[in-house]
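Residue numbers (my numbering), protein chains in the order written: chain A, 1175 to 1464; chain B, 310 to 463; chain C, 575 to 1349; chain D, 6 to 168.
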């Protein structure tokens, strides 16, 4: 319950923060909402020497749309996203995902940037950002780079960010016409983390067949992943229950599946298929209704 | 580090260690022991307070992060001795037994009613998913929040 | 005339301070010069302790003292066990481990420092060299010859074997007309998880030679005696105060090593010392509950009448005995027959040491296990004989006229009408309609389950002859010169609301306003003697003591009033702040009588001044509340997820003093019971690491996981106490677990399932579903 | 906790064996190894900084190689002690030839974790352990490559010949 001592820095700009991080090297650790890091510090699993609190960098808290692309600043809280009228209209998957995270207090304070950077294999955002084919903006003293979501998650709690990089924003495409999406999750009864969480986006063509399906899955593997087998199996098909079920059966193909006290690898594999089917069904219904 | 916060309407300045958790600041530095600590993993919600109008788990925030913020704790809910409708509702409907989770539960409910003044029982239960109570089985808490919602809208 | 308060929904006296955050729990106590204590705990389940390096901790900023087991040997008594069982082996249990650790989380060293932060920092600097030993965490393996022995000096891991026999089970084996049903149930290990963890402040004043201890406890008087013994102090030199206590559920019915250590540190340092338990410590080192393996043989006549029950209980006691550890499973044996007068019974209870935290009293304490066994058995009987579970129960209930009913287990049930509560709950649930719905849904491949539990529990503990250290309770009522009333109780409620119900008793009895009564408890300097709050005893035993004390006081007041009014004391009644004749013709104000009693101007001869009377109530028997519950669940046929859809409860706790409080107790109890059925489980890995060590893994139920509980009561008063109160604190927890499990097993009936062990995690259900529908 | 898996090293078995027995290579391959020294009893003492994301811990580890059967198999025993916890592991490593240029290392063992990580980390433990093992083999493969196929020139301007 009591963290170890550290030095605290509260930069006001991204530039200030990145030069601090460059100087501190691996001794520095970014604090955003703190809802991944602080719990670990209280357990003394993490004991950074320097905390760089980016929570006061005003430019990182925004949600806006530019030319069909939604950009969300790293400091947007889960609640900001859950309650955003813009996102409700233009990217409802994010709203639906945000609602499933933690609890009210966690959503008030936890940020999308912090959650993604933490890369917990059972966090909700990775599934959604993967399904949306988003990209992640990272800034360091060396400049800015854009990391496609599918290259971002490397392993358990390991992302593509370098220690001196600040995740500044997430960019995802808005929901196009004839598109629908959904996020479905089995909550762990204690932690609320995803035992399995599936984000799906379905785009239908003018004939009502699946032009493109995208599925991001969290909770199942050491890192969130795109279920490419599912996507390929559904492409070009009508979104019938039969097609969706057949496609969803590929949800964990070729994936090294996690096993823990609550759910064995077998069971998770099964859940991945069921939740993928249900998420696709809902996304397809919404796409058809749009 | 020096921080300045407005707690229950009054500004105060204190010198704190960066690692001091907000809940310890409130309890040990500001002397407001109505905010409780029930777990170490940001699950139980006993430490819930409002920071700039939003319910947060004060065990998951460093006091330095709250520098400049306005904080409302249970002690600030009835400043003139007049119980807040939620406090009254918890009393009327037996929404508490041992009382340990109650301050956090009331402040989480405060947030809930601010965002949704007429919640259904299901919405109340969802709105309180970040607060554990081991005594009541939650049913009387749901009734307490309904009581307050009715009182506040009348 | 004012309506009587008893039986009314009266708002709680406790609440105004608690809803404003103005109550004071242990951690809220600040004393000048107070120091803080933190523990270094064992990382190993079983290991010898080599050297302990404390120099770095001693040198750390703010550190005042560091203690190890060697330092306290001979300075502090053993952690006590009060259970008396014939042949019980009691291992020595030091407040800090001396040469060996026997479970993960066992305290090894203590640091005292200027702040909690400094104490934690320093405790982490202590280095302990362990020589790991093989650990045993499974009680059946612990019984095997080749098992590591946890306490070598005790020879093996068997703490005790107790046998309970009634009737003649052996004769049943020869009767070939009987069906024999066998079963094996595992009652998993649970954590009580009171929202307030444990905590203690010990303050020794060398000048007064007085040790004052604030502890989050359910039993301040027991704690006072035990801490005095451990610290070699006269009890007069030891004061224990239970301030606001944030829940206990049995976990604070104990005396813990940390409490001893806080006292020792304060005695040595002459300053107040505070220790507040963290949640991970709470899960590792506060007592656990349940953890039994039950092997059963049930003998049944073809018509569903159960005539014999044999049960082996293997009780996992953990590594050491806490206060009542070995006594808990013996309560399971005592109550194993439930609501059924089964003539032949044999129970063998084996208490086993393992490398885990001690089990002890967790809400229900032995009785939930008994109810679970017998209520699962009734459903198994229904399953095997293809009967409705309702019919099996009705067939085996004793008639209401059979009470008091002596059972072959040696207990005598006071009063009951099991048929009435079952019928009432079936009506509330719409049982036959539910069965039809179930049928319909099954045809569609949907799985609805309906589960029953008809329970009886033993509470109002209890007759002193059958309790480890007295089962009586103390109550005192005194009236101050202003006419306001102070009530003292030896019980120590911590959420149950007896400040309210005791005030109801006294206000009604004295005919004065509820607001004129103040109830105190929990301070051993204020309340001279007491036992505490546990075993659903507070109102039934503690309330009766107050009721009796009040009776004595009324007698005295009536004599004074009668003297002044010129009537006989027996003609007077107390109502509306007056003491008067029944017809109201002769009347005197309550305050006048109080003034007369205290200022003693014209007291009748033979009456001493003052108005304070106490009483110690010794119950002649336990009480036996009962009830019937119905759970309705839906099972997701694809994922195995379970949703509790409806819950109906009819409980009979004797006379209801405050229906609001009774409801609250039932709701909370049911919630904990559903938690056991569906989610909660403490898991140790095979090396003895507790891997559900935080609330991230140990699933304390949340609001949205429950449905609405529909509760009702029947009232069958007990003759055991004059209030007719039976007790309700544990009823929900005792009744509800089997209802939920029975419901889930019922839902999966098409899959040929007989039994599923708790918690009913979705994966277990999925594995059953995967095998497909049988027949 | 059971740990098993396999890893293919693109080098002949003899070379892989030699490198597995080479403390210098091991030191360079063990994740976060800051120091490694031989003990008088033939075991090694290492200081490891193990980290998964923000979770970082320093461990004092004793590494022992038991029953080596060159170049086929050996048992490895690791006992690590750090602030707030410990990690002990023992397992069998088997080397099989996969053609002449590749070696399959199969490992199978048990790890025991104690302390904070054990009490709060069960959800992530298996995956984290796999990550650490895989970090080791990746680093080891690089080391073996460097030894088995040293670049023909140290001049960085001349690329090594592709194989």
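Using N, Cα and C, we set each Cβ at its ideal position, and we do this for glycine too. Just so we're clear, the structure is a prediction, and the values are computed from it rather than from any experiment.
One alpha carbon belongs to residue 32 (chain D), the other to residue 85 (chain D), and they sit about 15 Å apart.
DSSP, reduced to helix, strand and coil, places residue 1282 (chain A) within a helical segment of the structure shown. When DSSP assignments are scanned along the region 640 to 687 of chain C, the uninterrupted stretches of alpha helix (DSSP H) that are 4 or more residues long and fall wholly within it turn out to be 643 to 646.
Taking the beta carbon of residue 690 (chain C) as reference, the chain A residues within 8 Å of it are 1176, listed in sequence order. DSSP places residue 21 (chain D) in the uninterrupted alpha helix (DSSP H) bounded by 18 to 25. In the structure shown, the three-state DSSP call for residue 433 (chain B) is helix. In this structure, DSSP gives residue 1429 (chain A) a state outside helix and strand, which the three-state scheme calls coil. Chain D places no beta carbon closer than 8 Å to that of residue 724 (chain C), leaving this residue out of the contacts. Apart from sequence neighbours up to five positions away, the residues of its chain that approach residue 1145 (chain C) with a beta-carbon distance below 6 Å are 1155, ordered along the chain. Listed along chain D are 119, each with a C-beta nearer than 7 Å to that of residue 618 (chain C). A distance below 8 Å separates the beta carbons of residue 599 (chain C) and residue 820 (chain C).
Close partners of residue 57 (chain D) in chain A (Cβ separation under 9 Å): 1329, 1330, 1331 and 1332.
Residue 1323 (chain A) has no beta-bridge partner at all, per DSSP.
At a cut-off of 8 Å, the C-beta of residue 109 (chain D) has no neighbouring C-beta in chain A.
Sequence-ordered contacts of the region 1184 to 1197 of chain A with chain B read 1184 [C-beta pairs closer than 8 Å]. By the Cβ-count criterion, residue 1401 (chain A) is buried, with 16 or more other Cβ atoms from all chains shown falling within 10 Å of its own Cβ. Judged by DSSP in its simplified three-state form, residue 48 (chain D) adopts coil rather than helix or strand.
If you check the CB distance, residue 900 (chain C) and residue 662 (chain C) come in under 8 Å. For the region 434 to 458 of chain B, the beta-carbon criterion of a distance under 8 Å to any beta-carbon of chain C is satisfied by 434, 435, 437, 438, 440, 441, 442, 443, 444, 445, 446, 447, 448, 449, 450 and 451. Per DSSP, the continuous alpha helix (DSSP H) segment holding residue 854 (chain C) begins and ends at 853 to 859. Contact between residue 1235 (chain C) and residue 1346 (chain C) does not hold, since their C-beta atoms are separated by about 48 Å, which reaches or exceeds 8 Å. Boundaries of the beta strand (DSSP E) around residue 1186 (chain C): 1186 to 1191. Residues of chain A with a Cβ closer than 8 Å to the Cβ of residue 772 (chain C) do not exist; the shortest Cβ-Cβ separation is about 14 Å. Taking a C-beta cut-off of 7 Å against chain C, the contacting residues of the region 399 to 410 of chain B are 399, 400, 401, 403, 405, 406, 407, 408, 409 and 410, listed in chain order. If you check the CB distance, residue 460 (chain B) and residue 1274 (chain C) do not come in under 8 Å. Taking the C-beta atoms as reference points, residue 118 (chain D) is found no nearer than 8 Å to residue 129 (chain D).
By the beta-carbon neighbour count (other beta carbons within 10 angstroms, threshold 16), residue 1284 (chain A) is buried.
Out of C:1037, C:991, C:889 and C:1139, the CA that lies nearest to the CA of residue 1192 (chain C) is found in C:1037. Contacts with chain C (Cβ-Cβ distance below 7 Å) from the region 356 to 378 of chain B involve no residue at all. Taking C-beta atoms under 8 Å as the contact rule, residue 833 (chain C) and residue 789 (chain C) qualify, at a distance of about 6 Å. At a cut-off of 8 Å, the C-beta of residue 310 (chain B) has a neighbouring C-beta in chain A. Contact holds between the region 356 to 368 of chain B and the region 323 to 332 of chain B, because three or more Cβ pairs, one in each stretch, are under 8 Å apart. In the same chain as residue 1067 (chain C), and ignoring 5 residues on each side of it, the C-beta atoms closer than 6 Å to its own belong to 1107 and 1112, in chain order.
Going by C-alpha positions, residue 1437 (chain A) is about 10 Å away from residue 1431 (chain A).
Identification of residues in the region 1261 to 1288 of chain C having a C-beta nearer than 7 Å to some C-beta of chain B yields 1268, 1269, 1270, 1274, 1276, 1277, 1278, 1280, 1282 and 1283, given in sequence order. For residue 694 (chain C), no CB of chain D lies under 8 Å from its own CB, so it is not counted at the interface with that chain.
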